[in-house]
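Right, one structure below, let's go through it.
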Amino acid sequence: MISYAGLATALRLVERAGLEHLVGEQMVPAAADGVNAPAKLALIVAGMACGADSINDLDTLRHGGMGELFDGISAPSTLGSFLRAFTWGNVRQRDKVARQMFAALAQHTPLLPGKEVLAYLDIDSMQRCTYGHAKQGSGFGHTKNPRQKCPGPRAERAC
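Residue 87 in numbering that gives the first Met the number 0 sits at position 88 of the sequence shown, with consecutive numbering throughout.
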């Protein structure tokens with residue numbers, strides 16, 4: 000029994016999109032810890048899909064029926080050594096794999112819009128005027144300015 004619903008489906012999609020092929024083709028880790036990079040990166044992606052946000056959290060892949068999904072599951076320390084072996088060039092290779100993987104996922108999932116769809120992204124944080132006795136903590140927001148309860152005008156950006 001696999002305790003993370005949807006993981007098998009997500010891994011099937013990643014496999015169909017060709018993550019292991021892209022990693023094997025594009026990434027060449029120089030250190031000895033870079034052996035079997037496609038499988039290790041697939042394990043890290045699966046761990047992140049299960050909610051792992053640190054190297055130690057990747058241990059969730061070694062419990063329950065996870066062995067049914069993977070041929071071999073590396074220890075978190077092995078995966079950590081793999082990640083620490085990355086050079087700056089390896090990180091750039093990983094970025095290229097991520098871009099190509101996103102394009103492959105867009106082909107396999109029709110829910111993702113293509114480049115013909117126009118989208119606006121507002122990257123500014125919302126800041127509104129605060130006033131009144133009920134707003135006692137308003138001076139301690141993310142602006143860190145206790146006297147500025149009404150921020151000035153902000154520019155709207157569209158990308």
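No residue lacks a Cβ here, since even glycine has one placed at the ideal position from N, Cα and C.
Other residues of its chain near residue i: CB distance less than 8 Å, five sequence neighbours each side excluded
| i | result |
| --- | --- |
| Q99 | L21, Q25 |
| Q106 | A16 |
Spatial distance of residue i from residue j (CA atoms)
| i | j | result |
| --- | --- | --- |
| A45 | E115 | 31 Å |
| T108 | A4 | 19 Å |
| G23 | V96 | 10 Å |
| P75 | N35 | 15 Å |
| D58 | I43 | 10 Å |
| D56 | N89 | 23 Å |
| V27 | I54 | 21 Å |
| L12 | F101 | 12 Å |
8 Å contact criterion, which residue i and residue j should meet: CB distance rounded
| i | j | result |
| --- | --- | --- |
| L104 | A48 | In fact, because the Cβ distance is near 13 Å, the residues do not count as touching under 8 Å. |
| L18 | A41 | 6 Å |
Residues near residue i in its chain [Cβ-Cβ closer than 6 Å; skip 5 each side]
| i | result |
| --- | --- |
| A30 | A84 |
| A9 | A48 |
| Q92 | Q25, M26 |
Residues of its chain near residue i, where Cβ-Cβ distance is below 7 Å and the 5 sequence neighbours each way are ignored
| i | result |
| --- | --- |
| K39 | S73, L78, F81 |
| D32 | S80, F81, A84 |
| A51 | L57, T59 |
Query raised in the report: At what residue ranges does the stretch 36-100 contain a whole run of the alpha helix (DSSP H), taking only runs of 4 or more?
Result: 36-48, 75-83
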